[in-house]
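*Asks:* I have a structure I would like to understand better, so I am pasting it below and will then ask my questions one at a time.
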Amino acid sequence: MNPSVVINQLQQAINDYLRLSFETTTPFFDGMLENFLTTSGQIIKGPYLSIKLPFEQSEEGNADFFPVVPLGFPPHKHQEIAFQRLGVDFRSTLVATGTGSGKTECFQIPILNYCYQHKNQSGIKAIFIYPMNALASDQAGRLAKAINNNPNLKGIRAGIYVGDSEENPALTMEAERIISDKETLRLNPPDILLTNYKMLDFLLIRANDSALWVNNKPETLKFLVVDELHTFDGAQGTDLACLIRRLKARLEIPK
Numbered sequence: 014m015n016p017s018v019v020i021n022q023l024q025q026a027i028n029d030y031l032r033l034s035f036e037t038t039t040p041f042f043d044g045m046l047e048n049f050l051t052t053s054g055q056i057i058k059g060p061y062l063s064i065k066l067p068f069e070q071s072e073e074g075n076a077d078f079f080p081v082v083p084l085g086f087p088p089h090k091h092q093e094i095a096f097q098r099l100g101v102d103f104r105s106t107l108v109a110t111g112t113g114s115g116k117t118e119c120f121q122i123p124i125l126n127y128c129y130q131h132k133n134q135s136g137i138k139a140i141f142i143y144p145m146n147a148l149a150s151d152q153a154g155r156l157a158k159a160i161n162n163n164p165n166l167k168g169i170r171a172g173i174y175v176g177d178s179e180e181n182p183a184l185t186m187e188a189e190r191i192i193s194d195k196e197t198l199r200l201n202p203p204d205i206l207l208t209n210y211k212m213l214d215f216l217l218i219r220a221n222d223s224a225l226w227v228n229n230k231p232e233t234l235k236f237l238v239v240d241e242l243h244t245f246d247g248a249q250g251t252d253l254a255c256l257i258r259r260l261k262a263r264l265e266i267p268k
């Protein structure tokens, strides 16, 4: 597909549509539409050429920050910074980089490493909040593969708790699926919980779901991940902020 050809075809189609749809019947407007359509940049701008630059590499080269959960390739600079903040300093972190830059690895690897170090400790250690169930399901498969493909992570459990009910929910960790049976999650809470912000709200107030938090002491929950944070704006952003405060109060998490 040649962008230059396509843009010309698209512009011609739009111009023809506008000429047929908005024929002028008043002398005062004669020629105004045609003048508008023939003036460059009024309707369509471009096409533009976008050159993708490489992401800055880590100064540490091939260093494995987490030998138990290796990244598998030299980390980018932003991944190195995230690993230090999330895996060593445990500091609140905002990751904002381009598509395909490994944002998921920035938090997933430190969290899996932490779960490995505390695998004998029961309770939910990390919560992933997603704006859409489809995104949560997609990331659930990715997390399942990461755990299944690493023998060091055997015994680490992750679960997805969203509004949709599957016809055949997963009762155990599988090669490409994490636990999705709600009753199983209640009876034996996972190390990592994937959900959306509305469902998390329900999980904090519904009596039937209180069993999810029975093993959580004030220091148990170590990570709260909000994926696609930029989508939580306006009233939804306010809801999320209040939800985080309620979660901390519900689990008696220190300041």
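All the letters of the sequence shown, read from the start, carry residue numbers 14 to 268 under our numbering.
The C-beta atom is built at its ideal place from N, Cα and C for all residues, glycine as well.
Note that this is a predicted model, so its numbers are computed, not measured.
1) Taking D204 as the reference, give the member of I160, F68, L84 with the closest Cα.
2) Skipping 5 residues on each side, what residues in its chain have a beta carbon closer than 8 Å to that of S96?
3) Quick check on the DSSP output: the beta strand (DSSP E) that includes I205 runs from which residue to which?
4) Work out the CA separation of K90 and Q70 for me, nearest whole Å.
5) Mapping the DSSP letters down to three states, classify I122 as helix, strand or coil.
6) Going by DSSP, what residue range makes up the alpha helix (DSSP H) through G8?
7) Sorted by chain position, which residues of the same chain lie with C-beta nearer than 6 Å to T197's C-beta, five sequence neighbours on each side aside?
8) With DSSP run on the structure shown, which of helix, strand or coil describes G154?
9) Helix, strand or coil: how does DSSP classify A262 here?
10) Determine the burial state of G247: buried for a count of at least 16 other Cβ atoms within 10 Å of its Cβ, exposed for fewer.
11) Is it buried or exposed, L66, if we count other Cβ atoms within 10 angstroms and call 16 or more buried?
12) Straight-line CA distance for I94 to F86?
*Replies:* Inspection of the coordinates gives the following:
1) Position 191 of the sequence shown, counted from the first residue, corresponds to residue 204. Comparing Cα positions, the closest option is I160.
2) As a first step, residue 96 must be located in the sequence shown, where it is residue number 83. Just to set this straight, residue 96 is Phe in the shown sequence, not Ser. Excluding residues within five positions, the ones whose Cβ falls inside 8 Å are F78, F79, P88, C119, I122, P123.
3) To locate residue 205, count along the sequence shown from 1; it is residue 192. Per DSSP, I205 belongs to the beta strand (DSSP E) from 205-209.
4) Position 57 of the sequence shown, counting from 1, holds the residue named residue 70. Position 77 of the sequence shown, counting from 1, holds the residue named residue 90. Whole-angstrom Cα-Cα distance: 5 Å.
5) Counting from 1 along the sequence shown, the entry for residue 122 is found at position 109. Three-state DSSP puts I122 in a helix.
6) Limits of the chain in this structure are 14 at one end and 268 at the other, which puts residue 8 out of reach.
7) The count along the sequence shown starts at 1 and reaches residue 197 at position 184. Within the same chain, T197 has close Cβ partners L184.
8) Reading the sequence shown from its first residue, position 141 is the one you call residue 154. Here G154 sits in helix by DSSP.
9) Walking along the sequence shown from the start, residue 262 turns up at place 249. Reduced to three states, the DSSP call for A262 is helix.
10) By 1-based counting over the sequence shown, the position of residue 247 is 234. Exposed: under 16 other Cβ atoms inside 10 Å.
11) By 1-based counting over the sequence shown, the position of residue 66 is 53. Looking at its Cβ environment, which holds fewer than 16 other Cβ atoms inside 10 Å, L66 is exposed.
12) Within the sequence shown, numbered from 1, the residue matching residue 94 stands at position 81. Within the sequence shown, numbered from 1, the residue matching residue 86 stands at position 73. Distance between the alpha carbons of I94 and F86 is about 16 Å.
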